[in-house]
Structures are given as C-alpha cells and as structure tokens.
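Quick notes on the structure that follows.
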Amino acid sequence: MKFQYHFQPHKGWMNDPNGLCCYKGQYHAFFQYNPYAPVWDSMHWGHAVSENLVTWKQVETALIPEEAYENAGGCFSGSAIEKEDMLYLFYTAVSKEYGQAQATASSSDGIHFVKNADNPIIPFLPGHKAGETNQDFRDPKVFEAFGRYYMVCGSCQGQEGQILLYSSEDLEHWRFENILYRNSEFGGTLECPDLFRLADKWVLMFSAMKPKVASTVFVIGQFDGTNFHVERTVYSEYGIDFYAPQTFSDFNNRRIMIGWFYHWNKPLPQGAEAAGALSIPRELALADGVIRNYPVKEARHLLVKECKYVKTNGTLLTICDFDGNTIYEKDFYDVNGIKSFESVEILFDQKAVEVFINKGAVSVSQWLI
Numbered sequence: 011m012k013f014q015y016h017f018q019p020h021k022g023w024m025n026d027p028n029g030l031c032c033y034k035g036q037y038h039a040f041f042q043y044n045p046y047a048p049v050w051d052s053m054h055w056g057h058a059v060s061e062n063l064v065t066w067k068q069v070e071t072a073l074i075p076e077e078a079y080e081n082a083g084g085c086f087s088g089s090a091i092e093k094e095d096m097l098y099l100f101y102t103a104v105s106k107e108y109g110q111a112q113a114t115a116s117s118s119d120g121i122h123f124v125k126n127a128d129n130p131i132i133p134f135l136p137g138h139k140a141g142e143t144n145q146d147f148r149d150p151k152v153f154e155a156f157g158r159y160y161m162v163c164g165s166c167q168g169q170e171g172q173i174l175l176y177s178s179e180d181l182e183h184w185r186f187e188n189i190l191y192r193n194s195e196f197g198g199t200l201e202c203p204d205l206f207r208l209a210d211k212w213v214l215m216f217s218a219m220k221p222k223v224a225s226t227v228f229v230i231g232q233f234d235g236t237n238f239h240v241e242r243t244v245y246s247e248y249g250i251d252f253y254a255p256q257t258f259s260d261f262n263n264r265r266i267m268i269g270w271f272y273h274w275n276k277p278l279p280q281g282a283e284a285a286g287a288l289s290i291p292r293e294l295a296l297a298d299g300v301i302r303n304y305p306v307k308e309a310r311h312l313l314v315k316e317c318k319y320v321k322t323n324g325t326l327l328t329i330c331d332f333d334g335n336t337i338y339e340k341d342f343y344d345v346n347g348i349k350s351f352e353s354v355e356i357l358f359d360q361k362a363v364e365v366f367i368n369k370g371a372v373s374v375s376q377w378l379i
C-alpha cells in the first residue's frame, strides 16, 4: 500500500530528513537511506525534489559511504546551505578511526556532489584528540546569522544531552564556541538540533531519544550569536510516528518543517519493499507563546474534517487502526491553551493520518498499521 501524498522511497529504508532547502528553483529533501532493503543499515543520503512541496520525485542518491571516514555507519544526518550559487551538504561521517565526525560535500547543480578532500572537517569533539573516538557527536545543522555561519550539533556527556555551537567565516574552518544548551531530562544525545528565527524569537528544536512529553522539543528564547537564553519549552507535535524534523526557509520566507513519518520500533508488514516516509510539510508560526505547525497552503486542500479512524469527544482525541482498535488517545485540554476543539482537520493517506487541532496548536502523526 503506497502513499499518495507522502514521499516514500521506491525501495529500501529511510529515516531522518536531511538538507532541506530551496535551490535552483526547486525544493530539495535529502534523507537517511538504505537503498538495498527496508531495514536500517550503512547510511546513504537519498534525495528527492519537488516543485510544490506535495509531489516529490526521487533522484539519484546524493551521498554514498565510500570513504574510509565513513566505514562504520556511513553518512549520518545533517543539513544543506547555499553559498555563491553552490550547494553545500554537512553530515556526520561515521568511521572506526574517528567515530562520529563532521564532513561536507558540495555541488554546482544540486544533484552531483563532491566530498571535501579535507574531510572530516571537524574530526573530534571539543577536548578530544587523535586516538580518541567520538561516540555521540552528530547531526550538524548549518545556518547563517549575524554576518557569519553557525553550526549546531547534538551530543551528550553521560546522560546530559548537549547542543554544541560552532562558527565559521567561510564554511570550511570551524571554531567551537560553547555548549549552547544542556539538559539531562531527555536520556542522552539531543538529536537533530535546529536553531532558527521565528517571529521575534529564536527557537532551538531537537529530538528527544527518551521523550519527557513528546519527541519533538521546541525551546523558545533568544540567541545573541554566542549564547542561547531560554525562555520556555513547548511541544506542538505529539504523534508517535514523527521524529527528527528539520526546518528551512523557503522562497517565500516561510519557516517549513518536515519530519520523519515513522518510528524505530514499527514492525515491517510482510512483503514491504520500503519503510519510512516524510511528513507533510508544515509551516511554523509563533502566536501567544505557542508554536503552531500547520500544513503548507499547497497541501491544505488535502485536509478533511472527518475520518472514520479519528474520533473526538470534547478535547479527547482517539485514533483507531483499521480493525477499530484504539492505538492513540490523549486529552488535550489546556495543552497549548486549548479549552475546546475549535477545528479538527485530518490528512488521511492510505495507511496513516496527520491530525491538526485548532489550526496546528497541536498535531498528531500516526500510522494505522
């Protein structure tokens, strides 16, 4: 059973969206990819392009783990940024020598990428040196602000999750600035960090391996180029089948988020050739201290108000599988200011639903099988 509106590779396994960007008139979504079987294995970077954020076309694989510095896990998650008409990918290369280290590749057409001869460009965690391996040092997200480039990476010290901040003048030479954020409530590495402006605030987003409330965490505050000043932590997406989202700014300066639409422990249906998908792209907005995530306007025609698998009773949301069994249930009263369900909109696609309550005050992503 194939999706109609959610991107899924033709064959193989996919997880985290990587390198979300606009380049040469198209939307680009890279993703963690095993092209050979629908199970996790040595990671490649798959690649899909779109003109409208709804219909995606898979193109040739962008990164293949062929180098010595990728010989123990491949090319893990990362990001993309354009500079002087070139597209640069930043990713975590996993090897026996370095463990997890940061690497880069570049392209003049957005399809064919050449890896940097100096990879890995950040070989060691701060304080580490040759002969030591990095066990938790991954998912570089690169962005431009205050006239320079920044990178945030996920890491941990024991059970304290950390987000590390680096800076660069040229995308080639990187300097460790400090530990931007630390928290011991989420069970280790804070995965797939992202730092971006939203309205008059900055938002630090990451994925929690051991969720306290929900897997996707939004920390609202202010970033001054060196430090992040926390104001409050909020949750917007509550589904079990949503992880490792990344955001980007599109041609119209919208802040768009796409997540991995699946989860690690989902059993694979018999005969399935592909596992994992991308969520519908969502536009983020900050209003009254709440981060709303709601489908981009290009996808809103797909929303319906009723679906036999989704039921509500007051502020109680229930999602059932194809056999009528309850697979998700939560009362959202007083979550993000919700006192009643003013609107419930559903995107049903063959075998899964994405539910948006009160125009994205909260959302729930759930496969039905």
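In this text, residue positions in the sequence shown follow the numbering used here: the first is 11, and each later residue adds one. C-beta: ideal position from N, C-alpha, C; glycine also.
Same chain, Cβ closer than 6 Å to residue i, five either side skipped, listed in chain order
i: Gly197; result: Met219 and Lys220
i: Gln385; result: Shown here, the chain extends from 11 to 379; a query on residue 385 therefore has no answer.
i: Lys321; result: Thr328
i: Ile250; result: His273
i: Trp66; result: Phe17, Ala58 and Ser60
i: Met7; result: Outside the displayed span of the chain (11 to 379) sits residue 7, for which this structure offers no information.
i: Asp260; result: Cys32 and Ile266
i: Glu241; result: Ile230 and Gly231
Minimum C-alpha distance to residue i - residue among the options
i: Ala39; options: Gln169, Ala371 and Ser289; result: Ser289
i: Val314; options: Phe186, Phe351, Leu357 and Ile266; result: Leu357
i: Gln376; options: Tyr253, Val223 and Tyr43; result: Tyr253
i: Tyr304; options: Thr328, Thr322 and Phe366; result: Phe366
i: Ser178; options: Asn193, Gly168, Lys151 and Ser194; result: Lys151
i: Ile91; options: Ser246, Tyr319, Phe153 and Leu175; result: Phe153
i: Cys32; options: Asp26, Phe13, Gln42 and Ser89; result: Ser89
i: Gln360; options: Ser373, Asn346, Phe351 and Ile379; result: Ile379
i: Val223; options: Thr243, Gly35 and Ile230; result: Thr243
i: Cys317; options: Tyr338, Phe258, Glu355 and Asn346; result: Glu355
i: Tyr248; options: Tyr338, Trp50, Ser353 and Glu352; result: Tyr338
i: Phe258; options: Val64, Phe206 and Asp128; result: Phe206
i: Asn275; options: Gly281, Gly269 and Gly286; result: Gly286
i: Thr71; options: Tyr191, Pro45 and Glu94; result: Pro45
i: Gln172; options: Leu296, Phe351, Arg185 and Ser217; result: Ser217
Coarse secondary structure for residue i, derived from DSSP in three states
i: Tyr79; result: helix
i: Val345; result: helix
i: Leu208; result: strand
i: Ala282; result: coil
i: Leu326; result: strand
i: Ala295; result: strand
i: Glu308; result: helix
i: Pro133; result: coil
i: Trp55; result: strand
i: Leu30; result: strand
i: Gly235; result: coil
i: Ile121; result: coil
i: His20; result: coil
i: Lys361; result: coil
i: Gln68; result: strand
i: Pro45; result: coil
i: Gln14; result: coil
i: Ala218; result: strand
i: Leu63; result: coil
Spatial distance of residue i from residue j (CA atoms)
i: Trp23; j: Glu283; result: 8 Å
i: Ala371; j: Gly299; result: 11 Å
i: Ile348; j: Arg265; result: 23 Å
i: Gly84; j: Phe123; result: 16 Å
i: His16; j: Leu181; result: 33 Å
i: Phe233; j: Leu208; result: 12 Å
i: Phe86; j: Met267; result: 19 Å
i: His54; j: Gln167; result: 27 Å
i: Leu73; j: His57; result: 9 Å
i: Gly29; j: Leu200; result: 18 Å
i: Val227; j: Ile121; result: 32 Å
i: Asp331; j: Trp212; result: 38 Å
i: Gln112; j: Asp333; result: 46 Å
i: Asn62; j: Tyr37; result: 8 Å
i: Gly35; j: Tyr343; result: 42 Å
i: His239; j: Glu364; result: 32 Å
i: Gln280; j: Ala47; result: 13 Å
Proximal residues to residue i (C-beta, below 7 Å), its chain only, five neighbours per side dropped
i: Asp341; result: Thr325 and Leu326
i: Glu80; result: Ala103, Val104 and Ser105
i: Gln169; result: Ser194, Gly197 and Gly198
i: Val345; result: Val372
DSSP bridge partner residues for residue i (one or two, in chain order)
i: Ala113; result: Tyr101
i: Asn193; result: Gly171
i: Tyr176; result: Met161 and Phe186
i: Tyr245; result: DSSP lists no partner for Tyr245.
i: Asn144; result: Gly109
i: Ile268; result: Gln256
i: Cys166; result: Gly171
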